[in-house]
Amino acid sequence: MKLGIVVFPGSNCDRDVQTAARAAGYDADFIWHTDTSVDGFDCLALPGGFSYGDYLRTAAIARFSPVMEAVARYAALGRPVIGICNGFQVLLEAGLLPGAMLRNTSCKFVCKPQRVRVEVASARTPFTLKLRPGQVITLPIAHGEGNYYVDSETLEQLELGGQVVFRYCDESGELTAGSCPNGSLGNIAGICNKAGNVLGMMPHPERAAEDILGGADGRLLFDSVAQWVQGGGRIVG
Amino acid sequence: MKEDRVWQTMGLSDEEYERIRELLGRDPNYVELGMFSVMWSEHCSYKNTRAVLRGLPTQGPQVLQGPGENAGIVDVGDGLAVVFKIESHNHPSAVEPYQGAATGVGGIIRDIFTMGARPIASLDSLWLGDLSSPRARRLFSGIVAGISGYGNAVGIPTVGGQTVFHASYESNPLVNAMCVGVMRHEDIKRGAATGIGNSVMVIGSTTGRDGIHGATFASADLTDEAIERKSAVQVGDPFREKLLLEACLELVARGCVLGIQDMGAAGLTCSSCEMASRGGTGMIIDLDRVPRRETGMTPYEVMLSESQERMLLVPVPGREKEVREVLVKWGLEAVVVGEVTADGMVTLTEGGAVVAQVPAKALADDAPVYHRESSKPGYVERLAAFDTTGVPACTDLGGALLRLIGSPSVASKRWIWEQYDHQVGAGTVIGPGSDAAVVRLPGSKRGVALSTDCNSRYCYLNPRLGAAHAVAEGARNVACTGARPLAVTNCQNFGNPYKPEVFWQFREAITGMSEACRALGTPVTGGNVSLANEDGETAIRPTPVIGMVGVMDDVGLRVPMGFAAEGDIVMVLGATRDEIGASEYLAVVHGVEAGQVPALDLEAEGRLCRLLATAARDGLVRSAHDISEGGLAVALAECAIAGSIGATLRIGSDGGDGGLAPDRSLFSESAARAVVTLEQSRLDEFLALAAGSSVPATTLGRVGGDRLCVEFVGAAGTGMRAGAGAWRRLDVGVDALRAAYEEAIPCAMQG
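Each protein sequence line maps, in turn, to chains A and B.
Here the numbering used here is used: position 175 in the first sequence is 474, and no number is missing along the way.
Here the numbering used here is used: position 45 in the second sequence is 127, and no number is missing along the way.
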């Protein structure tokens, strides 16, 4: 199992994803944003950070990085791609996932542990094999622009197509307004593409992959994709 | 120039001008005068404070680099070194809070990676006016947003610090930023220009007109006129800082670096003369080659620009091309601008002509040293004479506790630190909101514990004792997590040093800090002095902020602050005396900021710290929390809130407080104390260890329930414990405590 971590100028969770992947027992190497090949990797991760400073609009410049064409081809082959936080924003800007991010309704950056509810069947994505639908897990969030927005038609397609993977919730799994940290439509915290192989999420599973860092729920995503790769890679959905 | 006494507008005195003439053997030209004026500002030269600072202890077996470099370095074992420093960005933050605070963070981060270390944590010590003031709220929001905006983007977790609100900081807030990095011993880089003929390169960002005379600005009173100098505030670009950080660490890893220094205060002037002076060399720089972001810049502007995210580098000979390739990869510039010379001069050329030529040592090291007049302010004796025996007994202990933990300086700082990314880096083991933050060191089982401390009320009432308390509290804070206090960095924030009363405060504080650092074995490895923190009339309270670094061998054994489990034994370590003078209780509940500062027994502090570290190593304690502002009551409340569980406690005549009246016992700020909890099964072992360490240990009761109940029993001492009623029993729900604690700052910010 070998994870490729795409590093854009300004990525800053690249090393954290590597640390978590290694803690989960697999290899992880960096892919520089000017590389044009992503061959040899079993999974790709687009990490969090502030690509190009996020000065124009989050991830608006990173989507033009040379590596993104290779990422799109890789995704089109049905191979697993995860975008976390800024990586999710890159996937949105690149059109690999629908929708856009607005500023948090508080207009402030927010960093805290957040409960999220799993919304899909385990086999819906390579990253959820070890999660159960309805399961409430705790993952850290850290973003200023995580307020997910999409037009109502697309939102309906996402809902009907089982593409909403995670939602912000409270301790008991209820989707209250108070439990949504950023104003996202439908408390959406993560979505996948129709095929299920591309996942974008605002919470940081890599920051919750070891008990000593305050929780290990995030490890389940790393273990899931490892199991998926070992099982030969199969998408249901 | 001479007729206009132009040096005066640059902040130099007539005497200093004469000294420059002597050193040069001629009149300086305009560029040279500008260079002297910034290098001889208090900010860069410590001309007013150097003589006093010489008394600080800076040596120790753990010290790999003491003061005089960009940052201090200590050995933490396993071949690892921890690099750390704290620095002020007070005046810029008063004028332009977002950029001022942001570039303060940026500057201190550069000080760390210029030594070759990867920054792993930041802390911020913030001091603001009372939150009832709209100006204080505006500065507070802007400063927090600036720290958040810069630190989060660079990707260095902001893991801790402190925030205090008091009217004396109304016009002159303090922003002290601390950064900590880690590296292997062999990777340590220093800011020295060595090897005659070696290239000198400017790497990173381009040079513009921002921040010209920033160091001079920082050294003057913050008057209305000074506030007009907004152009003296730099503008930060965290994206470039992140690129520069990665590029520099790549250069270090590739072995390309001979010497390197950040261009911070006084920009190219400071970096060139300091690197040459440290290397015992000179340097010639062709200003035409310095990459610019603006056209038409004069040599004066290029030399004095404080444009951010730049470094001066002396590469290993022959590696210039490789340096350029690395910088280009990271989207930055790297240009050879000159070379190291043997003549000891910093020589600047433009269009082939020499435009300035100054001995490097004269600029860097030969600033005048002033012995400022000092006199004890009249208020000191008067306020110390306040008799606390006349303070009426508190009849509502629960109400007083709620007021204390709901006062902004004591209350939860979640509103602040939720805006900071405190987890990036995957190393934060204990984050903000505890005694000290704990960050694990990559590739090692070890962890560092980090804290910033100062009680400026103590320092105002008794600067010497107050500064010593700051060191002791820092040591106690890191020890509570299970770490051994190792070394300190410091930021000395005071008013105008030309006022003898202010200088007295400064001198006393340094004396107290030295005493405490010596006694606790925590040498000072660097820091900064920020004077002239006043608006022309009122000075800030003396605020000597201590940044403490501790180390623990196994970060897995770190101890949290909150109560851990139902049934655990609650103990107080140390002795409680009748010391409500200068306390938070007296200030918040009785509106009095006076009295004797609590006594400090540095031997007892050392014993307590060693006990806490040993108990953590042996896995004896399940939680530990320092007792400081607000006394035992606030410490217990914080333990309960953090653990989301209450406790039922009884303080008897043998309660370790000599039978004090309940309010005194709960709110006294006697030093050298901590609250710990442990499992019943470890009690005997722990008591034996405490006895062997000569630390008083008193069992108070057990963790459990959803209320914090403290009952005073017996009729010892003052006899105040007899009878019944709210004045001898504290009983508050944990939910009510949490509400008061968590809502104070958000509510104040909505007002």
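For glycine and all other residues, C-beta sits at the position ideal for the given N, C-alpha and C.
Note that the structure is a prediction, hence the values are computed from the model and not measured.
C-beta atoms of residue i and residue j nearer than 7 Å
| i | j | result |
| --- | --- | --- |
| Val785/B | Ala717/B | no |
| Ala686/B | Ala773/B | no |
| Val570/B | Ile628/B | yes |
| Thr534/B | Gly154/B | no |
| Ile360/A | Ala327/A | no |
| Ala347/B | His125/B | yes |
| Val611/B | Thr131/B | yes |
| Tyr467/A | Ser451/A | no |
| Val317/B | Asp292/B | yes |
| Gly846/B | Ala184/B | This structure does not reach residue 846/B, given that chain B is present from 83 up to 833, and the question cannot be answered. |
| His248/B | Gly161/B | no |
| Ala508/A | Ala322/A | yes |
Burial state of residue i, where buried means 16 or more other Cβ atoms lie within 10 Å
| i | result |
| --- | --- |
| Gln505/B | buried |
| Trp89/B | buried |
| Val814/B | buried |
| Gly801/B | Since pLDDT at Gly801/B reaches only 49, below the 50 mark, its modelled position is unreliable, and the value read off the structure follows with that caveat. By the neighbour-count rule (16 or more Cβ atoms within 10 Å), Gly801/B is not buried but exposed. |
| Gly673/B | exposed |
| Val389/A | buried |
| Gly460/B | exposed |
| Val337/A | buried |
| Cys406/A | exposed |
| Ala806/B | Low confidence applies to Ala806/B: its pLDDT is 49, below 50, so where it sits in the model is not reliable enough to give any reading. |
Where residue i sits in the DSSP three-state scheme
| i | result |
| --- | --- |
| Gly242/B | strand |
| Ile102/B | helix |
| Ala493/B | coil |
| Ala754/B | coil |
| His504/B | coil |
| Tyr180/B | helix |
| Trp412/B | coil |
| Ala804/B | Any answer about Ala804/B is weak, because its pLDDT of 49 lies below 50 and its placement is not dependable; what the coordinates show is given next. Of the three classes helix, strand and coil, the one that applies to Ala804/B here is coil, per DSSP. |
| Trp209/B | strand |
| His125/B | helix |
| Arg371/B | helix |
| Ala798/B | Low local confidence applies: a pLDDT of 46 at Ala798/B is under 50, so the model's placement there is unreliable, and no value is given. |
| Ile487/B | helix |
| Asn446/A | strand |
| Thr185/B | helix |
| Phe465/A | strand |
| Ile285/B | strand |
| Leu457/A | helix |
| Ile278/B | coil |
Neighbourhood of residue i by C-beta distance below 7 Å, restricted to the same chain and skipping five residues each side
| i | result |
| --- | --- |
| Gly799/B | For Gly799/B, the predicted structure reports a pLDDT of 45, less than 50, and the residue's modelled location is therefore unreliable. The matter cannot be settled from this model. |
| Ile278/B | Thr363, Val422, Thr423, Ala424 |
| Ala493/B | Ile487, Tyr823, Ala826, Ile827 |
| Ile498/B | Val226, Thr245 |
Close beta carbons around residue i, own chain, < 6 Å, minus the five adjacent residues each side
| i | result |
| --- | --- |
| Val246/B | Trp209, Ser491 |
| Phe408/A | Gly443 |
| Val535/A | Caution is warranted here: a pLDDT of 43 is assigned to Val535/A, below 50, making its placement in the model unreliable, and no coordinate value can be reported. |
| Ala698/B | Gly564, Leu639, Val641 |
Extent of the continuous beta strand (DSSP E) to which residue i belongs
| i | result |
| --- | --- |
| Cys352/B | Looking at the DSSP string, Cys352/B is not in any beta strand (DSSP E); the run it does join, the alpha helix (DSSP H), is 349-361. |
| Gln147/B | 145-147 |
| Asp328/A | 326-331 |
| Cys829/B | That residue, Cys829/B, is in no beta strand (DSSP E); its alpha helix (DSSP H) goes 816-832. |
| Thr357/A | Per DSSP, Thr357/A belongs to no beta strand (DSSP E) and is neither H nor E. |
| Met653/B | 651-655 |
| Lys429/A | Careful: Lys429/A lies outside any beta strand (DSSP E) and carries neither H nor E. |
Chain-order list of residues whose beta-carbon lies under 8 Å from that of residue i (same chain, five-residue window excluded)
| i | result |
| --- | --- |
| Met197/B | Gln147, Glu151, Asn152, Ala153, Ile155, Val165, Gly263, Met265, Ile270, Lys271, Arg272 |
First and last residue of the uninterrupted alpha helix (DSSP H) at residue i
| i | result |
| --- | --- |
| Ile480/A | As written in the sequence, residue 480/A is Pro, which differs from the Ile given in the question. Pro480/A -> no alpha helix (DSSP H), and no H or E assigned at all. |
| Ala676/B | Looking at the DSSP string, Ala676/B is not in any alpha helix (DSSP H), and its letter there is neither H nor E. |
| Cys562/B | 545-562 |
| Asn578/B | Looking at the DSSP string, Asn578/B is not in any alpha helix (DSSP H), and its letter there is neither H nor E. |
| Tyr399/A | Note that residue 399/A corresponds to Ala in the displayed sequence, not to Tyr. From DSSP, Ala399/A is part of no alpha helix (DSSP H) but of the beta strand (DSSP E) over 399-401. |
| Ala779/B | Per DSSP, Ala779/B belongs to no alpha helix (DSSP H); it is in the beta strand (DSSP E), 779-785. |
| Ile490/A | Element bounds for Ile490/A: not the alpha helix (DSSP H) but the beta strand (DSSP E), 487-491. |
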